[in-house]
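Each residue of the sequence shown is one higher than the one before, counting from 16 in this note's numbering.
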Amino acid sequence: MTNDERQTFTDFCLPDAPFLRQVKHINDFAIIATIPPIPAGVFGDEELTASLSQKLYDYIRQIVRDAGFHYETELQPFREPAGFGVKYDDDEFQFRAWFADNRVGISRPGSSFEDFHSWYTRFMPVGQSLATTMCQLLGETLHRSLDILSASFRFDFILHDFLMEGARAAVRNPEIMKTIIRVWPGEAGRTTDDAAVLASVARADFAVQRWSTSPISGQRRLERYSVEAPSNQLWSSLWFNFEYRATSYTDPESGIRETVDPVLLLNDYRSAYVDFLRDKALSGFMASLLEGYRFSTTAGTL
Numbered sequence: 016m017t018n019d020e021r022q023t024f025t026d027f028c029l030p031d032a033p034f035l036r037q038v039k040h041i042n043d044f045a046i047i048a049t050i051p052p053i054p055a056g057v058f059g060d061e062e063l064t065a066s067l068s069q070k071l072y073d074y075i076r077q078i079v080r081d082a083g084f085h086y087e088t089e090l091q092p093f094r095e096p097a098g099f100g101v102k103y104d105d106d107e108f109q110f111r112a113w114f115a116d117n118r119v120g121i122s123r124p125g126s127s128f129e130d131f132h133s134w135y136t137r138f139m140p141v142g143q144s145l146a147t148t149m150c151q152l153l154g155e156t157l158h159r160s161l162d163i164l165s166a167s168f169r170f171d172f173i174l175h176d177f178l179m180e181g182a183r184a185a186v187r188n189p190e191i192m193k194t195i196i197r198v199w200p201g202e203a204g205r206t207t208d209d210a211a212v213l214a215s216v217a218r219a220d221f222a223v224q225r226w227s228t229s230p231i232s233g234q235r236r237l238e239r240y241s242v243e244a245p246s247n248q249l250w251s252s253l254w255f256n257f258e259y260r261a262t263s264y265t266d267p268e269s270g271i272r273e274t275v276d277p278v279l280l281l282n283d284y285r286s287a288y289v290d291f292l293r294d295k296a297l298s299g300f301m302a303s304l305l306e307g308y309r310f311s312t313t314a315g316t317l
């Protein structure tokens, strides 16, 4: 995704435009890297965290320039109970890079899907090594060697107010979930496919993890497809989480454990976004689950 190969959002949606154009918002995004344990109290040292934040600020400032974002003045350190780091608060390209217990990460709040696409295709070509650099900066500050144990791309979506094509009556989320959850516990606890049981369902969650092979690096990737159907707001929403992860893998036939380099995943940002999120998670899983339905999306909470 260099400047020469960066797709417009219209081109990105072309393979399945009728469906992808319905997904108007992404609710949350994060790249999370797990690192070896950090001794308790280290992140409570204000002098240490201030020094680390300043080093990170200098590094991200160059990323902001190279990505063509608007305002370097919107870049500033932050510290909160859950962690600390550097945030970029421009209303179009905002993101955070943060340190927390045994993790480093880059996150971006909900926005229109088109704005997210613009941010991702600008940021990732120049910022793909940010998590690795954060790990190195932390190791230098602590005078120890730190490496990334596992890493993942996480994409969240909230869909709501479902209607069947050609109808005006609202559809409750258990009706949609019954296509992937075929039986439910009944009054006596035994599983049943009786549709009458759906009236008593308070919440229904579905999650599957499957192994795949990266078309870029050839390494194993763990894909996670998750959808939650809560009862709040009159069973009107579905919460989707999709994760593309690099972690160790054991061959089920040979029992041999394969070594996976999480850093290669961070360089594999195009595969995470196009091959996994667009082609599999959205145009594949989500579209097949919601075939025949219309819906709305949100970047915030319901």
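Beta carbons: idealized from backbone N, C-alpha and C, even for Gly.
query, result
"With DSSP run on the structure shown, which of helix, strand or coil describes Gln224?", "strand"
"Given this structure, state the Cα-to-Cα distance separating His40 from Trp199, to the nearest angstrom.", "31 Å"
"Ordered along the chain, which non-local residues of its own chain (more than five positions away) have a Cβ less than 7 Å from that of Asn18?", "Because the pLDDT of Asn18 is 47, which lies under 50, any placement of that residue in the model is unreliable, and the number read from its coordinates should be weighed accordingly. The answer is none, since no qualifying residue turns up."
"Using a threshold of 8 Å, is the CB atom of Ser303 nearer than that to any non-hydrogen atom of the ligand HEM?", "Only the bare structure without any ligand can be found here, which leaves the ligand HEM out of the picture."
"Measure the C-alpha to C-alpha separation of Pro245 and Glu62 and round it to an integer number of angstroms.", "44 Å"
"Return helix, strand or coil for Asp176, following the three-state DSSP convention.", "strand"
"Should His132 go down as buried or exposed, given a rule of 16 or more other Cβ atoms within 10 Å for buried?", "buried"
"What is the C-beta distance between Gly120 and Ala48, in whole angstroms, given that I count them as a contact (C-beta under 8 Å)?", "7 Å"
"Is it right to say Val242 is buried, meaning 16 or more other beta carbons lie within 10 angstroms of its own, or is it exposed?", "buried"
"What ranges does the beta strand (DSSP E) occupy inside the stretch 144-218, keeping only unbroken runs of at least 3 residues that lie completely in it?", "165-179"
"Quick one: is Ser229 buried, meaning 16 or more other Cβ sit within 10 Å of its Cβ, or exposed?", "buried"
"Where do the ends of the alpha helix (DSSP H) carrying Leu35 lie?", "Ala32 to Leu35"
"Less than 9 Å between the beta carbons of Tyr288 and Phe168, yes or no?", "yes"
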